[in-house]
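These notes concern the structure reproduced below.
There are 2 protein chains.
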Amino acid sequence: MTAKETSPAHRTRSWWGWGWETEALTDAQCAALGAQLPGLPSQPLPVPALDGVDLPRPRISPPGTLAHRVSAAPRDRAGHTYGKAYRDVMRALCGDLAAAPDAVAFPRSESEIVDVLDWASAHNVAVIPYGAGSSVVGGTEYREGDGAGGHAGVLSLDLSAMDRVLEVDPVSRAARIQAGALGPVLEDQLRPHGYTLRHFPQSFEFSTLGGWLATRAGGHYATLHTHIDDFVESLRVVTPAGTGESWRLPGSGAGPAPDRLFLGSEGTLGVITEAWMRLQDRPVHKASTSLAFTDVGAAMEAVRAISQAGLHPANCRLLDPGEAALAGAAHNGESILVVGVESAHHPVESRLAELIEIGRDHGGVSNGPRTRDGQGQDGQDTAVGAWRQAFLRMPYQRDAMARMSAITETFETACTWDRAADLYHAVRDELGAAVEEITGAPGLINCRFTHVYPDGPAPYFTVIAAARRGQEIAMWDEIKAAAMDILGNHRATVTHHHAVGRDHRPGYDRQRPEIFALALRAAKSALDPRGVLNPGVLIDPDYR
Amino acid sequence: MTAKETSPAHRTRSWWGWGWETEALTDAQCAALGAQLPGLPSQPLPVPALDGVDLPRPRISPPGTLAHRVSAAPRDRAGHTYGKAYRDVMRALCGDLAAAPDAVAFPRSESEIVDVLDWASAHNVAVIPYGAGSSVVGGTEYREGDGAGGHAGVLSLDLSAMDRVLEVDPVSRAARIQAGALGPVLEDQLRPHGYTLRHFPQSFEFSTLGGWLATRAGGHYATLHTHIDDFVESLRVVTPAGTGESWRLPGSGAGPAPDRLFLGSEGTLGVITEAWMRLQDRPVHKASTSLAFTDVGAAMEAVRAISQAGLHPANCRLLDPGEAALAGAAHNGESILVVGVESAHHPVESRLAELIEIGRDHGGVSNGPRTRDGQGQDGQDTAVGAWRQAFLRMPYQRDAMARMSAITETFETACTWDRAADLYHAVRDELGAAVEEITGAPGLINCRFTHVYPDGPAPYFTVIAAARRGQEIAMWDEIKAAAMDILGNHRATVTHHHAVGRDHRPGYDRQRPEIFALALRAAKSALDPRGVLNPGVLIDPDYR
Chain D
1 MTAKETSPAH
11 RTRSWWGWGW
21 ETEALTDAQC
31 AALGAQLPGL
41 PSQPLPVPAL
51 DGVDLPRPRI
61 SPPGTLAHRV
71 SAAPRDRAGH
81 TYGKAYRDVM
91 RALCGDLAAA
101 PDAVAFPRSE
111 SEIVDVLDWA
121 SAHNVAVIPY
131 GAGSSVVGGT
141 EYREGDGAGG
151 HAGVLSLDLS
161 AMDRVLEVDP
171 VSRAARIQAG
181 ALGPVLEDQL
191 RPHGYTLRHF
201 PQSFEFSTLG
211 GWLATRAGGH
221 YATLHTHIDD
231 FVESLRVVTP
241 AGTGESWRLP
251 GSGAGPAPDR
261 LFLGSEGTLG
271 VITEAWMRLQ
281 DRPVHKASTS
291 LAFTDVGAAM
301 EAVRAISQAG
311 LHPANCRLLD
321 PGEAALAGAA
331 HNGESILVVG
341 VESAHHPVES
351 RLAELIEIGR
361 DHGGVSNGPR
371 TRDGQGQDGQ
381 DTAVGAWRQA
391 FLRMPYQRDA
401 MARMSAITET
411 FETACTWDRA
421 ADLYHAVRDE
431 LGAAVEEITG
441 APGLINCRFT
451 HVYPDGPAPY
461 FTVIAAARRG
471 QEIAMWDEIK
481 AAAMDILGNH
491 RATVTHHHAV
501 GRDHRPGYDR
511 QRPEIFALAL
521 RAAKSALDPR
531 GVLNPGVLID
541 PDYR
Chain A
1001 MTAKETSPAH
1011 RTRSWWGWGW
1021 ETEALTDAQC
1031 AALGAQLPGL
1041 PSQPLPVPAL
1051 DGVDLPRPRI
1061 SPPGTLAHRV
1071 SAAPRDRAGH
1081 TYGKAYRDVM
1091 RALCGDLAAA
1101 PDAVAFPRSE
1111 SEIVDVLDWA
1121 SAHNVAVIPY
1131 GAGSSVVGGT
1141 EYREGDGAGG
1151 HAGVLSLDLS
1161 AMDRVLEVDP
1171 VSRAARIQAG
1181 ALGPVLEDQL
1191 RPHGYTLRHF
1201 PQSFEFSTLG
1211 GWLATRAGGH
1221 YATLHTHIDD
1231 FVESLRVVTP
1241 AGTGESWRLP
1251 GSGAGPAPDR
1261 LFLGSEGTLG
1271 VITEAWMRLQ
1281 DRPVHKASTS
1291 LAFTDVGAAM
1301 EAVRAISQAG
1311 LHPANCRLLD
1321 PGEAALAGAA
1331 HNGESILVVG
1341 VESAHHPVES
1351 RLAELIEIGR
1361 DHGGVSNGPR
1371 TRDGQGQDGQ
1381 DTAVGAWRQA
1391 FLRMPYQRDA
1401 MARMSAITET
1411 FETACTWDRA
1421 ADLYHAVRDE
1431 LGAAVEEITG
1441 APGLINCRFT
1451 HVYPDGPAPY
1461 FTVIAAARRG
1471 QEIAMWDEIK
1481 AAAMDILGNH
1491 RATVTHHHAV
1501 GRDHRPGYDR
1511 QRPEIFALAL
1521 RAAKSALDPR
1531 GVLNPGVLID
1541 PDYR
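Right, dumping it as structure tokens:
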């Protein structure tokens, strides 16, 4: 079995970059894109031919009972070596696949996962649970030193063959869904029932329910229920110490919430195999608009006022001047606030009017409301569809820029409102200085607020800088470390929804209370006594 | 120091029952109340004089550095022996204080709590964190067998002297509050800033922030943010293994949520000393009404439709026919649905109209909307004030009925909508049969929905039955066990917001996934290696 066979419509996934192989930008498109940033080479790095790339010799031989579910095919091993961080793509482009797993397992049932964990525990084989590999934090990559005494081998455990919606309960509006289902795959199965999970991270096409749960994914919506955590009714988890399933409960106060220990555990405590998820009716009322602000501080105050007014906008996306310019939304130093409301049940115009009024109170100039009650094919209107397509194309462009030796890094955080403006300026100033020092030239540092809470925003930063060819990864590492330091100095979270993985460990270790670290290590020791599950993530290899 | 000194306004707390000593019903009031239920004796059990009650000799002597914060006064020991479950009140009335703690500590700072835990760990003394003792599940009572090898003594750790709002951040709308603050005490400190925590459990007057956090308390409001969990920005916790504080973050995806391990830990993992809590603006727009239904099933369907329509009512309280009759709201077999909406920012009439429309669609007959934008003293209008007073008086009446040898038990649960009607009828039928078998006569079994979610309701049951004098506790125990069995058979949670304590352990152990139990025991072992913190709660004594 190969990954190709498990892909919808038998399109081929890129082994080195984002998404479908056929959707990657051509050499000419890469060059044209790269010409927009000064200081880049004129030609893209070539994409190496897969059959020319060195893969280490596989060190493990799974038993006969598992063999038909395990592949050591070069494409599978190469495609499962990394996630999709900038440094992952760059290493693949450089033909560095030294970290490749020895094999990839594609289980088709929970009992096969149990067999894999039993075998791996008995043979000291590291197991890396894998949804669709969209991690941008090294969450699916085995690294030297991840095992205290080393592991005998590494198996990537790809859940993509377990992608079914198994049950729909229309009375409670919930569904039992297998963890390996990609976003479009599960939405396709829910649509005939009239429901949606309504969870649309940017990685939607190439990430799975299990991945979202294991990393506490954030959806597209700005407020209220947008994190996958809030949609979980019960979880089913396979650990080396046994399999468990929480009861389907709308609410319970019985002890610490069991599911919350596994949400965000990033494959270190167990393999999430399925979940009962709360569903939503499909929204039919939609309205949105944008407001322009000459002062980014005033725009932030408008967002704060909106977040504290109980209006729960579906969209409340603040683009700072650089981000607005990059998006083509403004070119005169203005900040742009996009607000939108949606409902499956009620007209939304009056709520949009209140949002606009708050924006105007803070100096925003409104473009007037746009109502979108009409729908096109697939429940999407044309404007939304166009925006969505552009949003989903961004990772392909990031890969193109990587081939042009441009560094692109996005990182997201959250902090309380009292520190938000300071943090914004500190990242712009301090990281700006760091980027110039590291690369020798100023870079772009833009910011948008993707999610907002009554007590603070979640700023999302984009850094774009020209690297020296051959120095891309070293420079990215330095920029990443500088960004993490700045966040930590401001006690802003190291990650709002990208997860910790291996890349965010230093910031995570600084942020996490040590008493929680003690508890988590102990839990790991109880559930994964041989230390085979995604070693090195969240928990030190010497936890036992 | 005595508990009396720590009470607001120097009123005296009852050592045997709910609340203030002076608010308890008189003998004549008890007799009059008891006359409403057939089969009860004509006279109440006497309240024993405290100086006539046997207390075991104290076995521990805290060191001199702690001595000035520790009391072995009979009133303190008696008042800290039990929580406020029916069986607690009955045992106190019977003069059974064999479980009294050896002493009660009233720390005034975190460092004193650290000293207490250090000393207790070194001397094998059980420590029972105590807010205001409103537990109805044996959460603050040491029982025989709670220590694997027994403990050298028991210390109740009363946090009521740590009751300050330490900081208010008006920009992020949050406050840092000490764990020992009673509901009215913290609201009094927030009011001058224009904010409220807006968390009003029935125990509001006699429960603390720390108790709410440790037991995952449910507030008065029916939907959206009503659980204390959702208002937590960061927690500070003292454990025997060290002290930790999470960062103030509006949202973070960095690993499993650290605070969620301590929320609901019921004093077994550490002592919560303070928390940054999200605040609310004080609501000024209020509207409510009630609808009558001839069919309880149709009323449940109306509540389901409301819960799935995204209207977020502040109140959505369904009283079944028995509950409606007991409340004087209906006497003809009707069910009553009370719906209310509140906002600090927006008029609420249109939202109430939508709620009424859904109720009517399901056969409800509306009493018409009541708007309550006007406010009386203290932000409360007269109708709300009257209802609130009656609600807060209920526990005093429960105590009066206990003195009349009537059994009163309330238990709350939650399940998904697909099973809600079955559960309701099963509890009525099966528990009704059990009560009749146990007590020899039919009892009242009423139900209301206190909280509702899109995927299911939280039914709250009240059982009232005449016991045989002298058999009250034995009968209550049998009824409690029968109720817990029925919930478990329907995979309904053993507790929605009353917590687990010692009384709900059988149901909790059945409900909790064993892999979570393994993790929790391991966490306990790491944070409380000597097993001194609230032993017997959530985790078996032999966890090490």
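In the order they appear, the protein sequences are chains D and A.
Numbering-wise, our numbering puts 428 at position 428 of the first sequence, and it's gapless, one number per residue.
Add 1000 to the 1-based position in the second sequence for our numbering, that's all there is to it.
Glycine is no exception: its CB is placed at the ideal position from the N, C-alpha and C atoms.
From a predicted model like this one, the values you see are computed outputs, not experimental measurements.
Exercise for the section: Count the other CB atoms, across all protein chains shown, that sit within 10 Å of the CB of residue 332 of chain D; report buried if there are 16 or more and exposed otherwise. Expected result: On the first sequence, position 332 is the one that residue 332 of chain D refers to. Exposed.
Problem - Proximity test, Cβ basis, 9 Å: residue 379 of chain D and chain A - result: Numbered from 1 along the first sequence, position 379 holds the residue referred to as residue 379 of chain D. Note that residue 379 of chain D scores 40 on pLDDT, short of 50, meaning its location in the model is unreliable; the coordinates nonetheless yield the value given after this. No, because no Cβ of chain A sits closer than 9 Å to the Cβ of residue 379 of chain D.
Practice task
Give a yes or no on whether the minimum CB-CB distance between residue 1415 of chain A and chain D is below 9 Å.
Solution key: Locating residue 1415 of chain A in the second sequence gives position 415, counting from the first residue. Residue 1415 of chain A counts as touching chain D.
Handout entry: Limits of the unbroken beta strand (DSSP E) element including residue 1407 of chain A
Key = Locating residue 1407 of chain A in the second sequence gives position 407, where the first residue counts as 1. Run containing residue 1407 of chain A: 1406 to 1412, per the beta strand (DSSP E) assignment.
Problem - Range of the contiguous beta strand (DSSP E) that encloses residue 18 of chain D - result: Taking the first residue of the first sequence as 1, we reach residue 18 of chain D at position 18. Per DSSP, residue 18 of chain D belongs to no beta strand (DSSP E) and is neither H nor E.
Problem - the region 331 to 347 of chain D / the region 478 to 488 of chain D touching (three or more Cβ pairs under 8 Å) - result: no
Problem - Every unbroken beta strand (DSSP E) inside the region 280 to 327 of chain D [3 residues or more] - result: 285 to 293, 315 to 319
Handout entry: Top-ranked residue by Cα proximity to residue 1298 of chain A, from A/1537, A/1162, A/1315, A/1337
Key = Sequence index remark: in the second sequence, residue 1298 of chain A carries index 298 (1-based). Cα-wise, what sits closest to residue 1298 of chain A is A/1337.
Handout entry: Proximal residues of chain D, C-beta to C-beta of residue 1516 of chain A below 7 Å
Key = One-based indexing of the second sequence puts residue 1516 of chain A at position 516. 244, 258, 261, listed in chain order.
Handout entry: Closest by C-alpha distance to residue 1087 of chain A, when choosing among A/1408, A/1234, A/1316
Key = The count along the second sequence starts at 1 and reaches residue 1087 of chain A at position 87. Comparing Cα-Cα distances from residue 1087 of chain A to each of A/1408, A/1234, A/1316, the minimum goes to A/1408.
Handout entry: Exposure label - residue 1052 of chain A; buried when at least 16 CB within 10 Å
Key = Taking the second sequence and counting its residues from 1, the one referred to as residue 1052 of chain A is at position 52. Exposed, by the Cβ-count rule.
Problem - Beta-carbon spacing of residue 1212 of chain A, residue 1131 of chain A below 9 Å - result: Here residue 1212 of chain A refers to the residue found at position 212 of the second sequence. Here residue 1131 of chain A refers to the residue found at position 131 of the second sequence. Yes, these two residues count as a Cβ contact at 9 Å.
Problem - Length-filtered (3 minimum) beta strand (DSSP E) runs lying within the region 1431 to 1464 of chain A - result: 1444 to 1453
Practice task
Count the C-beta pairs between the region 307 to 316 of chain D and the region 387 to 401 of chain D that are closer than 8 Å, then say yes if the count reaches three, no if not.
Solution key: no
Practice task
Using a Cβ cut-off of 7 Å, pull out every chain A residue sitting near residue 389 of chain D, in sequence order please.
Solution key: Residue mapping note: residue 389 of chain D aligns to position 389 of the first sequence, counting from 1. Result: empty, since nearest Cβ-Cβ is about 26 Å, beyond 7 Å.
Handout entry: Bounding residues of the beta strand (DSSP E) (the contiguous stretch that carries residue 340 of chain D)
Key = Taking the first sequence and counting its residues from 1, the one referred to as residue 340 of chain D is at position 340. Segment 335 to 343, the beta strand (DSSP E) holding residue 340 of chain D.
Problem - residue 36 of chain D in three-state terms, based on DSSP - result: Start at 1 with the first residue of the first sequence, and residue 36 of chain D comes out as number 36. In the structure shown, residue 36 of chain D sits in coil (DSSP, three-state: anything other than H, G, I, E or B).
Exercise for the section: Report the partner residues of residue 1158 of chain A according to the DSSP bridge assignment. Expected result: Your numbering for residue 1158 of chain A matches position 158 in the second sequence. DSSP lists A/1130 as partners of residue 1158 of chain A.
Practice task
From the DSSP output, read off the bridge partner residues of residue 245 of chain D.
Solution key: Sequence index remark: in the first sequence, residue 245 of chain D carries index 245 (1-based). Per DSSP, D/236.
Exercise for the section: Determine the DSSP secondary structure at residue 1397 of chain A, reduced to helix, strand or coil. Expected result: Sequence index remark: in the second sequence, residue 1397 of chain A carries index 397 (1-based). Residue state, collapsed to three classes: helix.
Practice task
Determine, using beta-carbon pairs with one atom in the region 1427 to 1434 of chain A and one in the region 1300 to 1311 of chain A, whether at least three such pairs fall under 8 Å.
Solution key: no
Handout entry: Cβ neighbours of residue 1379 of chain A in the same chain (closer than 7 Å, five flanking residues each side left out)
Key = On the second sequence, position 379 is the one that residue 1379 of chain A refers to. Confidence in residue 1379 of chain A is poor, its pLDDT being 40 and thus under 50, which makes the residue's placement unreliable; the coordinate value appears in the next sentence. Here the set comprises 1282.
Problem - DSSP three-state assignment for residue 990 of chain A, whether helix, strand or coil - result: The question about residue 990 of chain A has no answer here: the residues shown for chain A are numbered 1001 through 1544.
Practice task
Would you list, in chain order, the members of the region 170 to 198 of chain D that have their beta-carbon closer than 8 Å to a beta-carbon of chain A?
Solution key: 171, 172, 173, 174
Practice task
Taking 9 Å as the cut-off, decide whether the C-beta atoms of residue 1519 of chain A and residue 500 of chain D are in contact.
Solution key: In the second sequence, the residue the question calls residue 1519 of chain A occupies position 519. In the first sequence, the residue the question calls residue 500 of chain D occupies position 500. Not closer than 9 Å, so no.
Problem - Collapsed DSSP secondary structure at residue 543 of chain D in the structure displayed - result: In the first sequence, residue 543 of chain D corresponds to position 543, counting from 1. The answer is coil: DSSP assigns residue 543 of chain D none of H, G, I, E or B.
Handout entry: Contact belief for residue 1196 of chain A with residue 1117 of chain A at Cβ below 8 Å, rounded distance in angstroms
Key = Position 196 of the second sequence holds residue 1196 of chain A. Position 117 of the second sequence holds residue 1117 of chain A. In fact, because the Cβ distance is near 33 Å, the residues do not count as touching under 8 Å.
Exercise for the section: Look at the alpha carbon of residue 438 of chain D and the alpha carbon of residue 391 of chain D, and state the distance between them as a whole number of angstroms. Expected result: Taking the first residue of the first sequence as position 1, residue 438 of chain D is located at position 438. Taking the first residue of the first sequence as position 1, residue 391 of chain D is located at position 391. Approximately 29 Å between the Cα atoms of the pair.
Handout entry: When A/1440, A/1043, A/1013, A/1417 are compared against residue 233 of chain D, the one with the closest alpha-carbon
Key = Taking the first sequence and counting its residues from 1, one reaches residue 233 of chain D at position 233. Comparing Cα positions, the closest option is A/1417.
Handout entry: CB contact check: residue 424 of chain D to chain A, cutoff 9 Å
Key = To locate residue 424 of chain D, count along the first sequence from 1; it is residue 424. Answer no: the Cβ-Cβ gap between residue 424 of chain D and chain A never drops below 9 Å.
Problem - Contact the region 1152 to 1163 of chain A vs the region 1176 to 1189 of chain A: 3+ CB pairs below 8 Å - result: yes
Handout entry: Any 3 or more C-beta pairs closer than 8 Å across the region 105 to 120 of chain D and the region 262 to 275 of chain D
Key = yes
Exercise for the section: Would you identify the three-state DSSP class for residue 176 of chain D, choosing helix, strand or coil? Expected result: Start at 1 with the first residue of the first sequence, and residue 176 of chain D comes out as number 176. Residue 176 of chain D: strand per DSSP, three-state reduction.
Exercise for the section: Give the residues of chain A in contact with residue 202 of chain D, contact being defined as C-beta atoms less than 9 Å apart. Expected result: Position 202 of the first sequence, counting from 1, holds the residue named residue 202 of chain D. The premise fails here: residue 202 of chain D is roughly 14 Å from chain A at the closest Cβ pair, so nothing lies under 9 Å.
Practice task
Decide if residue 1290 of chain A is buried, meaning its Cβ has at least 16 other Cβ atoms within 10 Å, or exposed.
Solution key: If you number the second sequence from 1, residue 1290 of chain A lands on position 290. By the neighbour-count rule (16 or more Cβ atoms within 10 Å), residue 1290 of chain A is buried.
Exercise for the section: Tell me, please, whether the CB atom of residue 1247 of chain A is closer than 9 Å to any CB atom in chain D? Expected result: In the second sequence, the residue the question calls residue 1247 of chain A occupies position 247. By this cut-off, residue 1247 of chain A is an interface position.
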